[in-house]
Structures are given as C-alpha cells and as structure tokens.
Amino acid sequence: MKSLTEYLTFHLLARMGFENITPQIAEIVARSGVQEGLVLVNAMHITASVFINDDEPGLHADYKKWLEGLAPFDASPSRYAHNRTGEDNADAHMKRQIMGREVVVAITKGKLDFGPWEQIFYGEFDGKRAKRVLVKVIGE
Amino acid sequence: MKSLTEYLTFHLLARMGFENITPQIAEIVARSGVQEGLVLVNAMHITASVFINDDEPGLHADYKKWLEGLAPFDASPSRYAHNRTGEDNADAHMKRQIMGREVVVAITKGKLDFGPWEQIFYGEFDGKRAKRVLVKVIGE
Amino acid sequence: MKSLTEYLTFHLLARMGFENITPQIAEIVARSGVQEGLVLVNAMHITASVFINDDEPGLHADYKKWLEGLAPFDASPSRYAHNRTGEDNADAHMKRQIMGREVVVAITKGKLDFGPWEQIFYGEFDGKRAKRVLVKVIGE
Chain D
46 MKSLTEYLTF HLLARMGFEN ITPQIAEIVA RSGVQEGLVL VNAMHITASV
96 FINDDEPGLH ADYKKWLEGL APFDASPSRY AHNRTGEDNA DAHMKRQIMG
146 REVVVAITKG KLDFGPWEQI FYGEFDGKRA KRVLVKVIGE
Chain A
46 MKSLTEYLTF HLLARMGFEN ITPQIAEIVA RSGVQEGLVL VNAMHITASV
96 FINDDEPGLH ADYKKWLEGL APFDASPSRY AHNRTGEDNA DAHMKRQIMG
146 REVVVAITKG KLDFGPWEQI FYGEFDGKRA KRVLVKVIGE
Chain V
46 MKSLTEYLTF HLLARMGFEN ITPQIAEIVA RSGVQEGLVL VNAMHITASV
96 FINDDEPGLH ADYKKWLEGL APFDASPSRY AHNRTGEDNA DAHMKRQIMG
146 REVVVAITKG KLDFGPWEQI FYGEFDGKRA KRVLVKVIGE
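Written as structure tokens, this is what we have:
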C-alpha cells in the first residue's frame, strides 16, 4: 500500500468564502503514484469545510445567503453560549456542520474519479486567518 | 490490496425521491472478494446524494417536506442567483449538502458492516434524468 | 494491509447529548499498529451521529438549541408521518443528517492526524438506550 500526506494552507480575506482546490488535490494524487485508491481531504479547523459541488459564482452567493439564514452570524453572547468564551464564531461551527468537514474521493487509473461537474472546495466560515487542509492518499 | 470500481445509473421519475441501493452495493462488495476494507459510495452529480438511514416511507415523506422547508424549490432567478444561469435547480444543490454526497462503509468478514436499520439510499433532488453513483471497494 | 475493527457502546441518559470519544478512538488506532492509513468512525444507529468539532460546553448547548429549531421534537403523528409507525423520533433522523453519520480521519505516523481543536464526538438524538459505534482502521 502506498500513501502520501500533504497539508495545504488557505488564508481567505472574507469571513465567508469558497475556494476551488481541485487542481491542488489532483496534483497531489498524481504525485502519489496511486493508481487505485482513495483520497481523504478534510479541513483541520472546525469552522471550515471541504465539500464537493459546482464552481458557479451564483450558487456560491446562494450558499452564503442560505447558510446565513440557517445559522446567522451574531457576535453577542446572548444568542450563542459559545460566544461567552470570547469567541464570536458560533455560527461558523454550525455552517461547517451543514457543509461538512471532509470528502473522500475515489482514485481510478491514477486520477480523481469525478462526475462531470464535481469540484472540491475549501469552505471558510470564520476567515481572515490561515487554516490548514489535510490531504491523505492511500492505495496502490 | 484489492480494489473494484463500479458505476450505477439511476433515473428517478420524480424531481425528489429516494431509492434503496443496498442490494446493489452488497452485491458489488461480495464480487470484489474483499474481506476487510472500506467501500465508498458517492453521487457523481452535485444535485444528488448518497446517504444512510431508515427504509420507512413515512420518514421519506418527512424528509421531502423538511428539505423543501429548508431549501424551497423556486425556479425564478430572483430567489436564487444560480437560476440566472438558465438552471432551475439551486434548491437541489442545497438539499444535497444537507443529506450529503457520500458514505464510507466498513467491510468486515466480506460483508457491509451495518447496524440493525442501516440502509444505503440514492437521494435525488433534481430528477427526471439519468445520473451515476460511484462504488469503490478497497481492502484485502 | 493491516485492519482492525472495534465496536463501542454508548448509553446516554438524555434524549440529546454529545460525548467526546477521541480517547477511545486514539487507543484503537494505537493498538492497530497502523502507521499510515485511515480510520472510519460511524454511528451504527440512524438516530445518532459521529462528528468532529470543538469540546466546548457552550457550543454544545448552541448545537442542541439550533438543531431543535431546524428539526423540532414532536411525538405526534400529525407533524411527522414517521411517527405514525409508533415511533416518536422522526426529528432525530433529521438532526442526524445535519450532523452526519461518520467521520474518516487520517492516521499519520501512527496517530490521529488532527488540527489543533479537532475532537471526535458521539452525537445522540434519541437517547436513553444503548447504541453502537463502529471503528475500522485500515493501512500499514
């Protein structure tokens, strides 16, 4: 069994944002030499996501509005008990649960085995600082 | 390490629907010859899900109503920016995030290692056309 | 390829609750002898979750309130068709979908490869009875 572990760092300037990281993941998979296997891609921070969806700016705007409706940002400790700790990011912990922590993608014949529109995104819900994403390839 | 990759195609007649695909996944796992390992099952389209829950028609009706409440269908471009592209399925991209893209299931002694009620479903949120599901088995 | 399969049992006294299970998972990973690989941790019951987030009591209180808002408990069969079966836990099947069934975690140099705040939780949404969690380690 082969394996390869890499860490990517992202620093988004907005509080909430999505970045297409498919090229970086494809490059790591190619470099691993794995022909048949799996790649795990996960946020290492708990106010961020890795998810697969469409690279369409309108949809990303819709996601932001929708997530804000489901879990509104509110820095005050009266709405969110978590914000009594001095944090202001309780909403980000919720948005991340809806969008998910990780994806597992099949590697077939040495490549990401994707449908026509699948793209991997880093999702940030408490940005303006550097955070890491783990990429783990296993297979043969 | 052994591996097996298969693609299943589903064509649901309704816009939203759930289909129990456990028998097909169990058959692929058996055919792989893997005794100890993992199977990844994921939607290859970004308005569909693969998830694990109960095969109970009342619950499925509840899921549809609940998802419609959280992310209502609205073809107009005024509610969802994504629908300015000519698409009408922005809601489906949201429903899919709640229900998830994929499941990873343990294979133990050659079989899906499931609790008493676990069943694998294909979840469709923008149906009336054919879509694919990827099944990747790895292990020994 | 090495593998190890373990089953953990949890019996939470409240209907909804979160338990940090990171020490148990770390011990199983150490015992497996796997240096590079993956560990799958999943709820075997469909009204429970395994998820990764922060071990902060205020956040957990926020999660409970938020999930109750998105999918309120209501034992009556008028709100949820599932409860016509004699069950009262339709809401728990929804809460579990938001929080997720499973996590897949990288094992690097024999340890859970985690960011600074990542902790694994068992999430219970229909408690007061024993339920199982599956832990499957694969790698080398």
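Chains as they are written, first to last, in my numbering: chain D, 46 to 185; chain A, 46 to 185; chain V, 46 to 185. Each residue gets a CB set at the ideal place from its N, CA and C atoms; glycine is no exception.
Query	Result
A:Glu-51 - partner residues in DSSP beta bridges	A:Val-180
Three-pair Cβ contact test at 8 Å for the stretch 150–167 of chain A versus the stretch 128–147 of chain D	no
Three-state class that DSSP yields for V:Glu-64 in the structure shown	strand
Cα-Cα separation between A:Phe-63 and D:Leu-157, rounded to whole angstroms	26 Å
For V:Pro-117 and V:His-105, the rounded distance between their alpha carbons	17 Å
C-alpha gap between D:Gly-103 and A:Ala-59, whole angstroms	25 Å
Touching by the beta-carbon criterion (3+ pairs, under 8 Å), the stretch 79–90 of chain D and the stretch 138–154 of chain D	yes
Neighbour-count burial assignment, V:Arg-76, 16 or more Cβ in a 10 Å radius	exposed
Span of the alpha helix (DSSP H), counted from its first residue to its last, around D:Gly-103	102–115
Range covered by the beta strand (DSSP E) that runs through D:Gln-80	Note, D:Gln-80: premise wrong, no beta strand (DSSP E); not H, not E.
Range of the contiguous alpha helix (DSSP H) that encloses D:Ile-143	135–144
Where the beta strand (DSSP E) through D:Phe-96 begins and ends	93–98
Below-8 Å beta-carbon distance, D:Thr-92 vs any chain A residue	no
Contact test: A:Gly-131 Cβ vs the ligand PLP heavy atom, cutoff 7 Å	The ligand content of the structure shown is nil, which means the ligand PLP is not present either.
Contact list for the stretch 99–129 of chain A against chain D, Cβ threshold 8 Å	Leu-115, Ala-116, Tyr-125, Ala-126, His-127, Asn-128 and Arg-129
Under the three-state DSSP convention, the category V:His-90 falls into	coil
Below-8 Å beta-carbon distance, D:Val-95 vs any chain V residue	no
Terminal residues of the beta strand (DSSP E) in which V:Phe-273 lies	The shown model of chain V, from 46 to 185, leaves out residue 273 of chain V, and the question about it has no answer.
The stretch 82–98 of chain V touching the stretch 88–95 of chain A, judged by at least three CB pairs closer than 8 Å	no
For A:Val-180, the nearest candidate out of A:Lys-173, A:Arg-146 and A:Gly-160 (CA to CA)	A:Arg-146
CB contact check: D:Ala-151 to chain A, cutoff 8 Å	yes
Residue from V:Gly-172, V:Val-178 and V:Arg-177 whose Cα sits closest to the Cα of V:Met-61	V:Gly-172
Neighbouring residues, chain D, relative to V:Gly-145 (Cβ below 9 Å)	Gln-142, Gly-145 and Arg-146
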